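Colleague: Take the sequence shown: its letters are residues 106 to 264, numbered as in the working numbering. Virtual Cβ for every residue (Gly too), placed ideally from N, Cα, C. Everything numeric in this text was worked out from a predicted model, so none of it was measured. The following block contains the structure, expressed as structure tokens.
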Amino acid sequence: MTDFRVGFGYDSHRFVPGRQLVVGGVVVPYHLGLKAHSDGDVLLHAVCDSLLGAAGLKDIGTCFPDTDERWKDADSAALLADIVSDVEKEGWKVNNLDCTLVLEEPKIKPYVDPIAGRLSELLNIGRERISVKAKTNEKMGFTGSGEGVAAFCVVTIVK
Ligand code: MG
106 MTDFRVGFGY
116 DSHRFVPGRQ
126 LVVGGVVVPY
136 HLGLKAHSDG
146 DVLLHAVCDS
156 LLGAAGLKDI
166 GTCFPDTDER
176 WKDADSAALL
186 ADIVSDVEKE
196 GWKVNNLDCT
206 LVLEEPKIKP
216 YVDPIAGRLS
226 ELLNIGRERI
236 SVKAKTNEKM
246 GFTGSGEGVA
256 AFCVVTIVK
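Here it is in structure tokens:
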């Protein structure tokens, strides 16, 4: 019998000047970036937590504490690669990933394919098993005001 798990991930970060905007492992040209100890890749952080949750492992903040200088400006793609490797060591394989970004600006649509391609490499699964969506929050709340970005995702893993 196949063992099957679902994991949910959420993350948010605040826009600040003077940083590069990195979303889903892809640099998105914009005049603001995301404040964080790491590179602030809000989408990859949500993906990390969904995988850790599905596999019953500890959360991203426990694995890579923001008080640790080792993770200062860390490449979140490298953190995700580490987590994928840990999850695979437990005998799991990622089955599919569905994610939604919430932000008013910049428009993510032109970057959806590169982001999905990057996620496909990082998760060792086909592009057709990945969905990346982006939407505005109709000007409501911290995402709607342009204060920051939120990312939500659901992942399934199988053994
Ligand atoms: Mg984060």
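(1) Our contact map puts Leu227 next to Ala256 with C-beta atoms below 8 angstroms; I'd like the distance itself, whole angstroms only.
(2) Pick out the complete alpha helix (DSSP H) segments inside the region 218-251, 4 residues or longer, and give them in chain order.
(3) Please tell me whether Ala221 and Val237 are closer than 9 angstroms, where the distance is taken between their beta carbons.
(4) What span of residues does the beta strand (DSSP E) with Leu139 cover, start to end?
(5) Let me have the residue list for the ligand MG: C-beta closer than 5 angstroms to any non-hydrogen atom, ordered along the chain.
(6) Taking 6 angstroms as the limit between beta carbons, can you name the residues of its chain near Ile235, skipping five residues before and five after?
(7) Specify whether the region 177-194 and the region 148-168 touch according to this definition: at least 3 beta carbon pairs, one from each stretch, less than 8 angstroms apart.
(8) What does DSSP give as the partner residue(s) for Ala256 in the beta ladder?
(9) Please report how far the alpha carbon of Asp178 lies from the alpha carbon of Asp146, in whole angstroms.
(10) Measure from the alpha carbon of Val259 to the alpha carbon of each residue in Val152, Gly196 and Val133, then state which is nearest.
(11) Among the residues of its own chain, which have a CB less than 6 angstroms from the CB of Pro244, if the five just before and after it don't count?
(12) Have a look at Lys212, Thr261 and Ser250 and flag the residue whose alpha-carbon is nearest the alpha-carbon of Tyr135.
(13) Given that a residue counts as buried once 16 or more other Cβ atoms are within 10 Å of its Cβ, and exposed if not, what is Asp218?
(14) CA-CA distance, Asp116 and Thr205?
(15) Give the C-beta separation of Gly112 and Ser155 to the nearest angstrom, bearing in mind that I take them to be a contact with Cβ-Cβ under 8 angstroms.
Modeller: Reading from the atomic positions:
(1) Taking the first residue of the sequence shown as position 1, residue 227 is located at position 122. Taking the first residue of the sequence shown as position 1, residue 256 is located at position 151. About 15 angstroms separates the two Cβ atoms, so there is no contact after all.
(2) 246-249
(3) Taking the first residue of the sequence shown as position 1, residue 221 is located at position 116. Taking the first residue of the sequence shown as position 1, residue 237 is located at position 132. Yes. Within cutoff.
(4) Within the sequence shown, the letter at position 34 stands for residue 139. From DSSP, the beta strand (DSSP E) with Leu139 extends over Leu137 to Leu139.
(5) Asp116 and His150
(6) Along the sequence shown, read from residue 1 onward, the residue named residue 235 stands at position 130. Taken in chain order, the residues that qualify are Leu202, Ala221, Leu224 and Ser225.
(7) yes
(8) Taking the sequence shown and counting its residues from 1, the one referred to as residue 256 is at position 151. Beta-bridge pairing links Ala256 to Asp116 and Leu206.
(9) Taking the first residue of the sequence shown as 1, we reach residue 178 at position 73. Taking the first residue of the sequence shown as 1, we reach residue 146 at position 41. Going from the Cα of Asp178 to the Cα of Asp146 covers about 10 angstroms.
(10) In the sequence shown, the residue the question calls residue 259 occupies position 154. Answer by Cα proximity: Val152.
(11) Taking the first residue of the sequence shown as 1, we reach residue 244 at position 139. Looking at the sequence itself, residue 244 is Lys, so the reference to Pro does not match. Once the five neighbours on either side are set aside, Lys244 has no close Cβ partner at all.
(12) Translated into positions along the sequence shown, residue 135 becomes position 30. Of the candidates Lys212, Thr261 and Ser250, the one whose C-alpha sits nearest the C-alpha of Tyr135 is Lys212.
(13) By 1-based counting over the sequence shown, the position of residue 218 is 113. By the 10 Å Cβ count, Asp218 comes out exposed.
(14) As a first step, residue 116 is located in the sequence shown; it is residue number 11 there, counting from the start. As a first step, residue 205 is located in the sequence shown; it is residue number 100 there, counting from the start. Distance between the alpha carbons of Asp116 and Thr205: 11 angstroms.
(15) Here residue 112 refers to the residue found at position 7 when the sequence shown is read from its first residue. Here residue 155 refers to the residue found at position 50 when the sequence shown is read from its first residue. Yes, they are in contact, since the Cβ atoms of Gly112 and Ser155 sit about 4 angstroms apart, within 8 angstroms.
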